[in-house]
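In our numbering, the protein residues as written are 24 to 402.
As structure tokens, then:
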């Protein structure tokens, strides 16, 4: 009973404060696109044989999006239209770079190297043509047709402080993952303030100076890879120190995704808690956006995801808030197990159908469009 009351209080709180609109706007903010976590089914089998743990569904199913993943996603998005006749749209928070495993292997895994996403796709289209031949071209088609509007999620989805330390120590987990062209099932127990996949985690606050050029380069490469500059940023695993905000602002970012209740690491395992809401401004002039809906259809929480998500959307609309739906690519990945993708896409289609049925006046938007609308309304 207490847990339900607490949940209700939090859900109402996150919708009661901040910018409001009478329009029924739905945004899908979906993390981790462009990132190679698991190379293939064969790679997962070899990782299992080597004893690398499966910590979550990401370690089991999260692969770079295949041609089939994208084709089937587009079909679902195109099957439902809003009041303006527009298809549903994903804002994939995406990475322009991945680990250059071949170059690292040639160097006996002595140093970190990265490659641009089109290079990754070119390699995979040769190694696994059934899954990846034509996938990068399909990515570009999805952008052109308005199914996808990618935004920045970092240069790559890994923490270089953890990565380089493990590399120097010849960590068997890391080396085994890299030898299988993957970056998954990596433990980070020895790093109390850093996750192996949280690119902007750190131990000492001064380490953020080393992260600034990585962000700058990542934004430049995002423009090269995806064809336009990003103005919206979601930090990997939601972790970022405010000292990096000015770098983002100076390099074209206008909007930043942050959690409702944010525990910001101050260095040396000390944290500061702050509260956020849609439309809040940082001192640097970034507009904070807060996701107020959760949709993770392949995560087993013992609930009906369509019903659960619809209730969240209803609550947002009741408070005159846009529905900013948080999700992850893993829900729509079928390279390892097509059943995972089938569950994710079937649930997504049902959700979209229920949304337009309940709210015929609904409008689908990309995340940056919502940010621009909010900005224009304030002028």
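Where a beta carbon is used, it is the ideal one built from N, C-alpha and C, also for glycine.
Excluding the 5 residues flanking residue i on each side, which residues of the same chain have their C-beta closer than 7 Å to its C-beta?
{"i": "residue 57", "result": "117, 118, 119 and 140"}
{"i": "residue 254", "result": "275, 276, 277, 278 and 391"}
{"i": "residue 299", "result": "281, 282, 283, 285, 311 and 313"}
Following the continuous beta strand (DSSP E) through residue i, name the residue where it begins and the one where it ends.
{"i": "residue 386", "result": "386-388"}
{"i": "residue 165", "result": "Looking at the DSSP string, residue 165 is not in any beta strand (DSSP E); the run it does join, the alpha helix (DSSP H), is 158-168."}
{"i": "residue 115", "result": "113-117"}
{"i": "residue 124", "result": "Unbroken run through residue 124 is the alpha helix (DSSP H), 124-129; no beta strand (DSSP E)."}
{"i": "residue 4", "result": "The question about residue 4 has no answer, for the chain in this structure spans 24 to 402."}
{"i": "residue 346", "result": "346-351"}
{"i": "residue 48", "result": "48-56"}
By alpha-carbon positions, which one of the options ends up nearest to residue i?
{"i": "residue 176", "options": "237, 344, 131 and 257", "result": "257"}
{"i": "residue 306", "options": "88, 361 and 271", "result": "271"}
{"i": "residue 45", "options": "349, 343 and 252", "result": "343"}
{"i": "residue 137", "options": "51, 126, 227 and 122", "result": "122"}
{"i": "residue 313", "options": "163, 290, 355 and 261", "result": "261"}
{"i": "residue 127", "options": "347, 162, 202 and 370", "result": "202"}
{"i": "residue 60", "options": "348, 170, 174 and 353", "result": "353"}
{"i": "residue 366", "options": "323, 401, 296 and 54", "result": "323"}
{"i": "residue 470", "options": "193, 90, 340 and 304", "result": "What the structure shows of the chain is the stretch from 24 to 402, and residue 470 is not part of that stretch, so it cannot be assessed."}
{"i": "residue 282", "options": "181, 296 and 226", "result": "296"}
{"i": "residue 41", "options": "311, 280 and 325", "result": "311"}
{"i": "residue 211", "options": "231, 188 and 230", "result": "188"}
{"i": "residue 143", "options": "248, 92 and 334", "result": "248"}
{"i": "residue 289", "options": "231, 338, 160 and 337", "result": "231"}
{"i": "residue 332", "options": "54, 316, 92 and 246", "result": "316"}
{"i": "residue 110", "options": "397, 132, 388 and 265", "result": "388"}
{"i": "residue 108", "options": "169, 160 and 348", "result": "169"}
{"i": "residue 273", "options": "151, 39, 243 and 302", "result": "243"}
{"i": "residue 133", "options": "192, 113, 115 and 114", "result": "192"}
{"i": "residue 47", "options": "302, 124 and 337", "result": "337"}
Report buried or exposed for residue i, applying the criterion of at least 16 other Cβ atoms within 10 angstroms of its Cβ.
{"i": "residue 412", "result": "Residue 412 lies beyond the range of the chain shown here (24 to 402); nothing can be said about it."}
{"i": "residue 49", "result": "buried"}
{"i": "residue 147", "result": "buried"}
{"i": "residue 345", "result": "buried"}
{"i": "residue 383", "result": "exposed"}
{"i": "residue 351", "result": "buried"}
{"i": "residue 77", "result": "exposed"}
{"i": "residue 292", "result": "exposed"}
{"i": "residue 284", "result": "exposed"}
{"i": "residue 393", "result": "buried"}
{"i": "residue 179", "result": "buried"}
{"i": "residue 266", "result": "exposed"}
{"i": "residue 62", "result": "buried"}
{"i": "residue 405", "result": "Residue numbering for the chain in the displayed model covers 24 to 402; residue 405 lies beyond these limits and cannot be assessed."}
{"i": "residue 85", "result": "buried"}
{"i": "residue 339", "result": "buried"}
Could you name the residues of the same chain whose beta carbon sits closer than 8 Å to that of residue i, not counting the 5 residues immediately before and after it, in chain order?
{"i": "residue 379", "result": "103, 104, 105 and 385"}
{"i": "residue 328", "result": "318, 319, 320, 370 and 374"}
{"i": "residue 66", "result": "203, 204 and 205"}
{"i": "residue 208", "result": "70, 75, 76, 77, 78, 82, 196 and 200"}
{"i": "residue 218", "result": "182, 185, 211, 224, 260 and 262"}
{"i": "residue 398", "result": "277 and 310"}
Starting from residue i, trace the alpha helix (DSSP H) in both directions and tell me its first and last residue.
{"i": "residue 338", "result": "328-341"}
{"i": "residue 22", "result": "Missing from the structure shown is residue 22; the chain here goes from 24 to 402 and no further."}
{"i": "residue 148", "result": "140-150"}
{"i": "residue 92", "result": "90-101"}
{"i": "residue 249", "result": "231-249"}
{"i": "residue 370", "result": "361-381"}
{"i": "residue 71", "result": "64-72"}
{"i": "residue 82", "result": "80-84"}
{"i": "residue 199", "result": "195-202"}
Quick one: residues in its chain with C-beta nearer than 6 Å to the C-beta of residue i, no 5 flanking neighbours on either side, listed in chain order?
{"i": "residue 99", "result": "368, 371 and 372"}
{"i": "residue 154", "result": "89 and 358"}
{"i": "residue 269", "result": "307"}
{"i": "residue 228", "result": "290"}
{"i": "residue 226", "result": "216"}
{"i": "residue 221", "result": "182, 259, 260 and 262"}
{"i": "residue 238", "result": "270"}
Check whether chain C comes within 8 Å of residue i, counting only Cβ atoms and requiring the distance to be less than that.
{"i": "residue 323", "result": "In the structure shown, chain C does not exist; there is a single protein chain."}
Let me know the alpha helix (DSSP H) ranges lying completely inside the stretch 258-311, each 4 residues or longer, listed in chain order. 268-273
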